[in-house]
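As structure tokens, the structure follows; a few thoughts come after it.
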Amino acid sequence: MPTSSRRTRTAAHPTDLEKVPTGISGFDEITGGGLPKGRPTLVCGGPGCGKTLFGLEFLVHGAVRGNAGLFVTFEETEDEVVKNVRSLGYDLADLVKRRRLAIEYVRVERAEIEETGEYDLEGLFIRVEHALRSVGADRIVLDTIESLFAGLSNAGVLRAELRRLFAWLKARGVTAVITGERGAETLTRQGLEEYVSDCVIVLDHRVVDQVSTRRLRIVKYRGSSHGTNEYPFLIDRRGIAVLPITSLQLIHKASSRRISTGVDWLDAMFGGQGYFRGSSVLLSGGAGTAKTSLAAHFLAAACARGEQAVCFQFEESPAQYTRNMRSIGLDLDHWVTKGLLRIHAARPTLYGLEFHLATMNRQVDEARPAVVVIDPLSSFTGGTFGEVNAMVMRLIDFLKGRHITGMFTHLIPGSAASQDIEIGVSSLMDTWILLRNVPPGEHGGRHLAILKSRGMAHSAEPRVFALTRHGAVAGKTEATRTRAARTGRS
Amino acid sequence: MKKHKSPGRRSDEWILRLYVAGQSPRSAAAARNLEAICEQHLAGRYRIEIIDLLQQPQLARGDQIVAVPTLVRHLPPPMKKIIGDLSNEERVLIGLDLRPRRRRVRMPA
């Protein structure tokens, strides 16, 4: 320890553990505020799990808010570090220029070093202290300090010195992130978890069925409550986003305000007022039962009221979707152009459930919509029942927490897996509408029935309707006539 | 480092930098050991600069100093680094390339 650093009083023990926000989307929510202030946190995981990015994001978000940071890199040069995160829109060079960030590249090459006699790591301490002072940093990331073990042979000295380094950082009140590569049987190769005991985070990157999934788990957080769940996260063009499971708590505020279904006769079936705002609606039905059309009505009505709407399309491209909806008189392109409607299309099998969920969260956070449509939910059969169920639950909670009305379409009869999902998911829904096509005859046509709608009076009578050039129109005679006209039969 | 050539500087001069941190017994030992080795093997053609990183912390970065004491051979090239208190003369000589590394030649069975 540099002798110049006087041994001042270490911070008095606060009754409440102070936390430092990382600025990493979702992470601060699951930790109740971020990382433990003035203490070291170990972030470990296998290669490519996102540890370095975690550290850099922590520093960059802090730097932007005025908390300078120091990034000590043991594996990459300053230039490489700067380049690696440029694609995420982080201009480290600029932060360095503005003295909000310092990058210190520490290189230890075993081949170049002969060891003779006793030594310690005071040189590293001095460099770290000098760099910390140069920008007035109160945040530091050491990435990956275990590299020292490859460069120096005296593991005993290294261990003692690392222990001293972490204690020294703690005494200085620097909030530290120490990254570590996952070991065979330990969290890190060199067992750093022994020395960093305040907060330990494990990142994981798995590929199952060719779909990659990233997860984050808080193994330990001394002095703070934390979820022990595995939180899915993603790395996209804006960096890391952790999906908080603030859910399962059922603390959403229940609104008694109502929102139109977009179809007047359907509103009438719900006592003339439509769904509850902030509720979740399931539209199930077989192929061609107008699920997508009814959902489009709902979207168009929201846009017509001047509200933001987001549609997640998992079967059609946005162009195909809007073209098809034009055939029932809904001009969705108009709302897209006006900036009120966002259509996000993706193949369900392209990514893991978590990635979809995370993408949806991001889109919703950006657009801040009043209504969201997921069309269809049944395409997510890649995961197991539990996974899909958990994803829908999270999504519903996410939407409810933001007071967004969510509409989910679901195809029946689908595969057996799809049916399980329907049963599981329907219990999460506030309103469940069943759509059915009955062959021509006395009661033929499109049928709609409300299976349930929590907390409101609703019609138990199935309703016959038709899809016309002017949208979904109620009434049996009308329905029969239109259908006949459309199919060319009498 | 000084760029200008000092008059009378020999082309085979050795330039050695010893990085230390403060006046610790280990630093002193390293300096003493280095001087003794140089006097014996490089008499008249070496220069030692001792750098106290507590006084000049900014210099640690350039030579990538992590451990102290660290001895850096700047000249002749290539650059060499030896860490520790230099108490093992044999290893210092090997590290400075003043003695060939011992190679064990194994005969094929």
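Note that the protein sequences, when read in sequence, are chains C and E.
Residues 23 to 512 in this note's numbering are what the first sequence lists, from first letter to last.
Residues 861 to 969 in this note's numbering are what the second sequence lists, from first letter to last.
By construction, the Cβ of each residue, glycine as well, lies at the ideal position given by its N, Cα and C atoms.
Alpha carbon to alpha carbon, how far is residue i from residue j?
i: C:L270; j: C:L304; result: A caution first: C:L270 carries a pLDDT of 47, below 50, which makes its placement in the model unreliable, though a value can still be read off. When rounded, the distance between both Cα atoms is 19 Å.
i: E:L878; j: C:V82; result: 36 Å
i: C:T462; j: C:I240; result: Sequence inspection shows Pro at residue 462 of chain C; the Thr mentioned does not correspond to that position. Those two C-alpha atoms are separated by around 58 Å.
i: C:T268; j: C:D387; result: Reliability of the predicted coordinates at C:T268 is poor, the pLDDT of 49 falling under 50, and no value is obtained from them.
i: C:H425; j: C:A317; result: 18 Å
i: C:L214; j: E:I943; result: 24 Å
i: C:D116; j: C:S156; result: 16 Å
i: C:L456; j: C:L489; result: 16 Å
i: C:A34; j: C:F147; result: Caution applies to C:A34, whose pLDDT of 41 falls short of 50 and renders its modelled position unreliable; the value that the coordinates give is listed next. Distance between the alpha carbons of C:A34 and C:F147: 24 Å.
i: C:H356; j: C:L473; result: 33 Å
i: C:L184; j: C:I200; result: 11 Å
i: E:R959; j: E:Q900; result: 13 Å
i: C:G423; j: C:R390; result: 12 Å
i: C:V382; j: C:V393; result: At residue 382 of chain C the sequence reads Met, which differs from the Val that was named. Going by the C-alpha atoms only, they are around 13 Å apart.
i: E:Q918; j: E:N893; result: 26 Å
i: E:I925; j: C:K360; result: 60 Å
i: C:L421; j: C:Y127; result: 44 Å
i: C:L375; j: E:P937; result: 57 Å
i: C:E337; j: C:L399; result: 10 Å
i: E:E949; j: E:S871; result: 25 Å
So, helix, strand or coil for residue i, using DSSP?
i: C:E252; result: strand
i: C:S269; result: Note that C:S269 scores a pLDDT of 43, beneath 50, so its modelled location is shaky; the value from the coordinates is reported in the next line. Coil.
i: C:R239; result: strand
i: C:H366; result: strand
i: E:Q918; result: coil
i: C:M451; result: coil
i: C:Q342; result: helix
i: C:S175; result: coil
i: C:A494; result: strand
i: C:I162; result: strand
i: E:R959; result: coil
i: C:L417; result: helix
i: C:C221; result: strand
i: E:M939; result: coil
i: C:F336; result: coil
i: C:V71; result: Here residue 71 of chain C turns out to be Cys, not Val, going by the sequence shown. Of the three classes helix, strand and coil, the one that applies to C:C71 here is coil, per DSSP.
i: C:G361; result: coil
With a Cβ-Cβ cutoff of 7 Å, do residue i and residue j count as a contact?
i: E:H934; j: E:I875; result: yes
i: E:G922; j: E:K940; result: no
i: C:G67; j: C:D226; result: yes
i: C:G56; j: C:P43; result: yes
i: C:L362; j: C:Q330; result: yes
i: C:R280; j: C:Q295; result: yes
i: C:G173; j: C:R132; result: yes
i: C:G91; j: C:A159; result: yes
i: C:L170; j: C:L180; result: yes
i: E:V928; j: E:A881; result: yes
i: C:S306; j: C:I434; result: yes
i: C:C221; j: C:T431; result: no
i: C:G45; j: E:S947; result: no
i: C:S109; j: C:E137; result: no
i: C:T450; j: C:M478; result: Just to set this straight, residue 450 of chain C is Leu in the shown sequence, not Thr. The answer is no: Cβ separation not under 7 Å.
i: C:Q335; j: C:D258; result: no
i: C:S339; j: C:P370; result: no
i: C:V65; j: C:I223; result: yes
i: C:L256; j: C:F377; result: yes
i: C:T99; j: C:D165; result: no
i: C:G284; j: C:H248; result: no
(request) Could you name the residues of the segment 917-935 of chain E whose beta carbon sits closer than 8 Å to any beta carbon of chain C, in the order they occur along the chain? (result) Residues passing the 8 Å Cβ filter: P917, Q918, A920, R921, Q924, I925, V926, A927, V928, P929, T930.
(request) At 4 residues or longer, and completely inside the segment 180-210 of chain C: list those alpha helix (DSSP H) runs for me, N to C. (result) none
(request) Jot down the residue ranges of each uninterrupted alpha helix (DSSP H) in the segment 82-140 of chain C, minimum 4 residues, whole runs only, in chain order. (result) 100-106, 114-119
(message) At a CB distance below 9 Å, what residues from the segment 881-895 of chain E approach chain C? Give them in sequence order.
(response) A881, G882, S884, R886, A889, A890, N893
(message) Restricting to runs no shorter than 3 residues, where is the beta strand (DSSP E) found entirely within the segment 267-319 of chain C?
(response) If we require 3 residues or more, the beta strand (DSSP E) runs fully inside the segment 267-319 of chain C come out as 302-307.
(request) Check distances from the C-beta atoms of the segment 129-151 of chain C to those of chain E and list, in chain order, the residues that come in under 9 Å. (result) R129, V130, E131, E134, I135, E136, E137, T138, G139, E140, Y141, D142, L143, E144, G145, L146, F147, I148, R149, E151
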